[in-house]
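2 protein chains.
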Amino acid sequence: MQETPDTPATQEERLAALTDRLRTVYDLGAAQALMHWDQETYMPPQAVGLRSEQLATLSRLSHEHLVSPETEATISALEGKDAPDPKTEAGATVRLARRSFDRATKLPESLVAESARATSLAQPAWVEARQRADFALFAPHLEGIIDLQRRTAECLGYGDHPYDALLDLYEPGARKAALELVFEELKERIVPLLARVTEAASREATARDSVLLGEFDEAAQEAFVRSVLTDLGYRWDRGRQDRVVHAFCINIGGPEDVRLTTNFSPARIDKALFTSMHEAGHGMYEQGVDPAYSRTPLGGGVSMGVHESQSRLFENLVGRSRPFWSHYLPRLKEAFPEAFAGVGTEAFYRAVNEARPGFIRIDSDELTYNLHILLRFELEVALIEGTLSVSDLPDAWNERMERYLGLVPENDALGVLQDVHWSAGLFGYFPTYTLGNVLSVQLYQAALEDHPEIPTETATGRFETLRGWMEEHVYRHGSRYDPEDLIPRATGRPLTAAPYLEYLEEKFTDLYAL
Amino acid sequence: MQETPDTPATQEERLAALTDRLRTVYDLGAAQALMHWDQETYMPPQAVGLRSEQLATLSRLSHEHLVSPETEATISALEGKDAPDPKTEAGATVRLARRSFDRATKLPESLVAESARATSLAQPAWVEARQRADFALFAPHLEGIIDLQRRTAECLGYGDHPYDALLDLYEPGARKAALELVFEELKERIVPLLARVTEAASREATARDSVLLGEFDEAAQEAFVRSVLTDLGYRWDRGRQDRVVHAFCINIGGPEDVRLTTNFSPARIDKALFTSMHEAGHGMYEQGVDPAYSRTPLGGGVSMGVHESQSRLFENLVGRSRPFWSHYLPRLKEAFPEAFAGVGTEAFYRAVNEARPGFIRIDSDELTYNLHILLRFELEVALIEGTLSVSDLPDAWNERMERYLGLVPENDALGVLQDVHWSAGLFGYFPTYTLGNVLSVQLYQAALEDHPEIPTETATGRFETLRGWMEEHVYRHGSRYDPEDLIPRATGRPLTAAPYLEYLEEKFTDLYAL
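If you read the protein sequences in the order shown, they are chains A and B.
So the number in the working numbering is just where the residue sits in the first sequence, counting from 1, plus 211.
So the number in the working numbering is just where the residue sits in the second sequence, counting from 1, plus 211.
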């Protein structure tokens, strides 16, 4: 081990030096997060160009601090003789610092710059292609991005499949082969279930969700949403909620500052509420991380999939449940005295759970959602490994839509062009949505085994037990345990799709009297 | 000149390298500005500690980038053979970069740290002292801060007087000796004028400003304020206005993002309006700087005094003028149909210009304001030079209050403890308020000489000519010219108090029929 005289002498001192150095990276990250939040909420429109320059500077500084030879030397020394026990916080810190350092250094600057340029050109091309429903306008950009994603995967390195390298960026430890098994299981049971639901629904005279339509004052919606989020346990003294075009949750550097955003649909009562409960799930996770992990590699949620488990848990398992509406429908009626006259809990519960195949992923229901993801997962794996060409992509999309959802999009704007992800170079991201769905039920069941009273509490608008269980088993650990360690610790077994499928089958068999 | 091989070879390349390096400093400054803005407007309360850590990191990074040996070498090389003409933008860039570098390097880190610690401890002590009206609680802190300010002045260096070194931080080129002449002139003419006004006012049965009192809906106030600011020419596509406890204007890195803040008093119609016009004066200055100066030393307003000239100009010379209210009173009555019945332009004009000696600077009127500043200027000069001790300060304050304003505060909360500045180590800052007042009239008169139609335009709610003149002669130059160059360029002569005094005498002689 080559060491300069001023390198700290003990492992303890080295760890302190590493943590100190990384704090700068995290604080620069917080500044970038605040700039992003501001850009989506309150920034004056003319400042777009200026802000992008500022963000580029902060991103460069952050990279410089992370990849410095001092960081490398310190991490290497910590990994050497007397390395901290991997099971301890110190061990996790070194492991996560190494992961960040490797990710930041494995990609040559030229590849990073080329990728940034390609996606920034692809964005407006994708917007135009979608507007005109003309895939040809986007195809050459997508080809370039896929090539860059392949090169990225080669630089990052992988065991079995290049897709694993990309997946790992969003879901550490996840592998394509394992995911395929999960998706296969989902496909085998959800596709026939959906067919039975669709058949049953076709015999109904009116759409179940028609009771959700009307004219709903935004201020009244906001007040109702706020009261629900307060009940769930989202802490307003450590967060806030603002209006944006596309909802998100963002952590500005620590559990003391985790902000939600949402948007209000004046014509539909459920949109803003479920969006907000979803984002509050993300938010409570970030707010619940051990404050001692702030500004260290242990801070923040561990993966996209675990994050999504929390948003889906509060959106679907809580928000689309009978006990929830037995408590909140009367309150919703108080907030909107003119609406929902004569609508009972059961009708409302059926309305917020209507399953209906559609073209658009973000408008899809709990049952069809994973089929949208499955399709994208299969296609992006094939694109990355080169068994599907970009020119064949729209046909492949439509063929799978028909097979899984029984629909063929009228045009590519309603099909292959609907999502922003690929134009932004986000390959390997989609499957984390389904991982989140699967894990939400596995975690909920584990909480229920410890506390069978959870549904009863939900029916009284209390969520301390459920949130407390998540806090204890998931939130507080931040990024300390990778998902493959965290999930068995929390639930006693590795990730498994069975509880999720049982939940879906039971719920929708009951809902549609199958 | 010692140069390493990779130092740029030509002066042009050196200038580009310097500008490039400083851009990082300005972008870090923009991130800090956004964090400050956010802290005052929307940040969750529990994030205070986290935010202060983040700000400390950004401040340290910014300092490190500014004071690096590379910066010094580049500036020195630029100042050497073939130095750019000081009259050019390049020359100004080098001059200003040198000033920033010297300020950042002349103070030893230990002194900076000691000052930060002293003021952060002094803040809560001052708050408590003011709450209890007990100067003794604050006195030891103030003694420490004055000692640190003296040491700061010694490190920065000065010609005649240590106060000059502090003054220069806020008003480059200003000198105590010159300021004393200005203040002497103001004192000689304002003190007797105020005495005559007070005597005349004492014969009036009711307070003139009673017509401004009532109950005013905040949303209606906000809409009215917004319409006035739009008319003035504040650009909402490059800014915004939010609510805070203490109003301010902040530039988030360039003319495309300059934000105002204000607060609304439900019981008084004039507070939010004049506060907003004041901040919009600052804001239009920053919005009007040549965009090519963005992220360089030439960007942003040049000094506190020139800045205050713009805020005072729009607050007082425009906002408290007859032509302004001949146009806006009818509009105010439309916004508040219940209020101001039977109040004419003249009565309203008199109401917003009521002169009445009071204890509190921030509540004072156009006539008495400078006496509050004069008193502080005299006292802080004496404190810095050591001719006044902290223990004698409250008596000296009260003695001067009686001499200049004819009042003695009942307690120190209404006297020497009222302002935050000294507890924050801001010595040399107060006089820039009066410089701004003086300069506002000098600039307004110069604009009027070029465009005698300005008051007529004001009376129709149009301000393009006035704002256009300021843009041409002040705003667009940013920091390129120091005030001592900028003022003669804009007005044809150096700073002079005569026009300001004539303005005050004419206005208040007329208002009080002296």
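Think of the CB as a built atom: it goes at the ideal place given N, C-alpha and C, for glycine as much as any other residue.
Contacting residues, own chain, Cβ-Cβ under 6 Å from B:E577 (five flanking each side not counted): Position 366 of the second sequence, counted from the first residue, corresponds to residue 577 of chain B. For B:E577, where only same-chain residues beyond five positions count, the Cβ hits under 6 Å are N527.
To the nearest angstrom, how far is it from the Cα of B:V202 to the Cα of B:K292? Here chain B comprises residues numbered 212 to 725, so residue 202 of chain B is not present and cannot be evaluated.
Interface residues of chain B around A:Y496 at Cβ under 9 Å? Along the first sequence, read from residue 1 onward, the residue named residue 496 of chain A stands at position 285. What A:Y496 touches in chain B: nothing, since even the nearest Cβ is about 16 Å away.
What alpha helix (DSSP H) runs, 4 residues minimum, are completely inside the segment 317-361 of chain B? 320-343
Can a CB atom of chain D be found closer than 9 Å to the CB of B:T268? Absent from the structure: chain D. Protein chains present are A and B.
Are B:L585 and B:F719 closer than 9 Å when you measure CB to CB? Indexing the second sequence from 1 puts residue 585 of chain B at position 374. Indexing the second sequence from 1 puts residue 719 of chain B at position 508. The answer is no: Cβ separation not under 9 Å.
Span of the beta strand (DSSP E) holding A:D453? Along the first sequence, read from residue 1 onward, the residue named residue 453 of chain A stands at position 242. First-last of the beta strand (DSSP E) with A:D453: Q452 to R454.
Same chain, Cβ closer than 8 Å to A:V455, neighbours up to 5 away in sequence not counted: The count along the first sequence starts at 1 and reaches residue 455 of chain A at position 244. So the list reads E251, T252, T472, T473 and N474, once near-sequence residues are dropped.
Against A:R449, what residues of chain B qualify as contacts under a CB-to-CB distance less than 9 Å, listed in chain order? Along the first sequence, read from residue 1 onward, the residue named residue 449 of chain A stands at position 238. What A:R449 touches in chain B: P255, P256, Q257 and A258.
Based on Cα-Cα distance, which residue from A:R343, A:L367, A:A336 and A:E365 lies nearest to A:L353? For the purposes of this step, residue 353 of chain A is identified with residue 142 of the first sequence, where counting begins at 1. Looking at the Cα atoms, A:A336 is the closest of the given residues.
For chain A, find out if any of its Cβ atoms is closer than 9 Å to the Cβ of B:L277; answer yes or no. Counting from one through the second sequence, the residue named residue 277 of chain B turns up at place 66. Judged by the 9 Å Cβ criterion, B:L277 is not in contact with chain A.
If you drop the 5 nearest sequence neighbours on each side, which residues of the same chain put their C-beta closer than 7 Å to that of A:P216? Counting from 1 along the first sequence, the entry for residue 216 of chain A is found at position 5. Low confidence applies here, because A:P216 scores a pLDDT of 47, under 50, leaving its location unreliable and the question unanswered by this model.
Alpha carbon to alpha carbon, what distance is there between B:A708 and B:A701? Taking the first residue of the second sequence as 1, we reach residue 701 of chain B at position 490. Taking the first residue of the second sequence as 1, we reach residue 708 of chain B at position 497. Computed Cα separation, rounded: 16 Å.
Can you list, in chain order, the residues of its chain with a C-beta nearer than 6 Å to that of A:D375? Leave out the 5 residues immediately preceding and following it. Mapped onto the first sequence, residue 375 of chain A falls at position 164. The residues are Y369, R386 and K387.
Based on the DSSP output, what are the partners of A:L424 in its beta bridges? For the purposes of this step, residue 424 of chain A is taken as residue 213 along the first sequence, with counting starting at 1. Answer is A:R479.
Whole-Å CB distance - B:V198 paired with B:H276, under 8 Å assumed: There is no way to answer for residue 198 of chain B, as the model of chain B reaches only from 212 to 725.
Expressed to the nearest angstrom, what Euclidean distance is found between the alpha-carbon atoms of B:R587 and B:G425? Numbered from its first residue, the second sequence carries residue 587 of chain B at position 376. Numbered from its first residue, the second sequence carries residue 425 of chain B at position 214. Looking at the two C-alpha atoms, the distance is approximately 34 Å.
Does B:L706 come out as helix, strand or coil in the three-state DSSP assignment? Residue mapping note: residue 706 of chain B aligns to position 495 of the second sequence, counting from 1. B:L706: coil per DSSP, three-state reduction.
Let me know if A:G553 comes out buried or exposed under the rule of 16 or more other beta-carbons within 10 Å of its beta-carbon. Translated into positions along the first sequence, residue 553 of chain A becomes position 342. With fewer than 16 other Cβ atoms within 10 Å, it is exposed.
Could you give the C-beta distance for A:G492 and A:F535, rounded to a whole number, given that I count them as a contact under 8 Å? Numbered from 1 along the first sequence, position 281 holds the residue referred to as residue 492 of chain A. Numbered from 1 along the first sequence, position 324 holds the residue referred to as residue 535 of chain A. Not quite, the Cβ-Cβ distance comes to about 14 Å (not below 8 Å), so this is no contact.
Identify the continuous alpha helix (DSSP H) that holds B:V469 and give its terminal residues. Stepping through the second sequence from its first residue, residue 469 of chain B is reached at position 258. Counting along the chain, B:V469 falls outside any alpha helix (DSSP H), though it belongs to the beta strand (DSSP E) covering V469 to T473.
How long is the line joining the alpha carbons of B:L646 and B:L712, rounded to whole angstroms? One-based indexing of the second sequence puts residue 646 of chain B at position 435. One-based indexing of the second sequence puts residue 712 of chain B at position 501. One C-alpha to the other measures close to 13 Å.
B:R462 - partner residues in DSSP beta bridges: Locating residue 462 of chain B in the second sequence gives position 251, where the first residue counts as 1. Inspection of the sequence shows that residue 462 of chain B is occupied by Asn rather than by Arg. Paired residues: B:V469.
Measuring alpha carbon to alpha carbon, tell me which of A:D238, A:A228 and A:E224 ends up nearest A:G510. Counted from its first residue, the first sequence places residue 510 of chain A at position 299. Comparing Cα positions, the closest option is A:D238.
Spell out whether any CB of chain B is found under 9 Å from the CB atom of A:V436. Locating residue 436 of chain A in the first sequence gives position 225, where the first residue counts as 1. No, A:V436 lies away from the interface with chain B (no Cβ there is under 9 Å from its Cβ).
Against chain B, which members of the segment 220-245 of chain A pass a CB distance test of less than 9 Å? R234, T235, Y237, D238, L239, A241, A242, Q243 and L245
Since I believe B:E682 is in contact with B:G499 (beta carbons under 8 Å), could you give me their beta-carbon distance rounded to a whole number of angstroms? If you number the second sequence from 1, residue 499 of chain B lands on position 288. If you number the second sequence from 1, residue 682 of chain B lands on position 471. Indeed they touch by this definition, with Cβ atoms about 5 Å apart.
Exposure of A:A562, with buried meaning 16 or more beta-carbon neighbours within 10 Å: Counting from one through the first sequence, the residue named residue 562 of chain A turns up at place 351. Buried is the call here.
Using a beta-carbon distance below 9 Å, is A:L443 in contact with chain B? Position 232 of the first sequence holds residue 443 of chain A. With 9 Å as the cut-off, A:L443 does not count as an interface residue toward chain B.
Below 9 Å on C-beta distance, what does B:T532 contact in chain A? Here residue 532 of chain B refers to the residue found at position 321 of the second sequence. The sequence given here places Ser at residue 532 of chain B; Thr does not occur at that position. Residues of chain A passing the Cβ test: none, with the nearest at roughly 29 Å.
Does the separation of the CB atoms of B:N462 and B:D453 fall below 9 Å? The residue given as residue 462 of chain B occupies position 251 in the second sequence. The residue given as residue 453 of chain B occupies position 242 in the second sequence. Not a contact, by the Cβ cut-off of 9 Å.
Supposed contact pair B:G464 and A:Q265 - C-beta distance, whole angstroms, cut 8 Å: Indexing the first sequence from 1 puts residue 265 of chain A at position 54. Indexing the second sequence from 1 puts residue 464 of chain B at position 253. About 6 Å separates the two Cβ atoms, so the contact holds.
Of all the CB atoms in chain A, is at least one closer than 9 Å to the CB of B:G465? Numbered from its first residue, the second sequence carries residue 465 of chain B at position 254. Output row for B:G465: interface = yes.
Flag this pair as yes or no: are the beta carbons of A:P694 and A:S514 separated by less than 9 Å? Within the first sequence, numbered from 1, the residue matching residue 694 of chain A stands at position 483. Within the first sequence, numbered from 1, the residue matching residue 514 of chain A stands at position 303. Going by C-beta atoms, A:P694 is nearer than 9 Å to A:S514.
Against chain B: residues of the segment 485-510 of chain A by CB proximity under 8 Å: S505 and R506
Compute the Euclidean distance between the alpha carbons of A:L715 and A:P605, then round it to the nearest angstrom. Locating residue 715 of chain A in the first sequence gives position 504, where the first residue counts as 1. Locating residue 605 of chain A in the first sequence gives position 394, where the first residue counts as 1. Straight-line Cα distance between these residues: approximately 30 Å.
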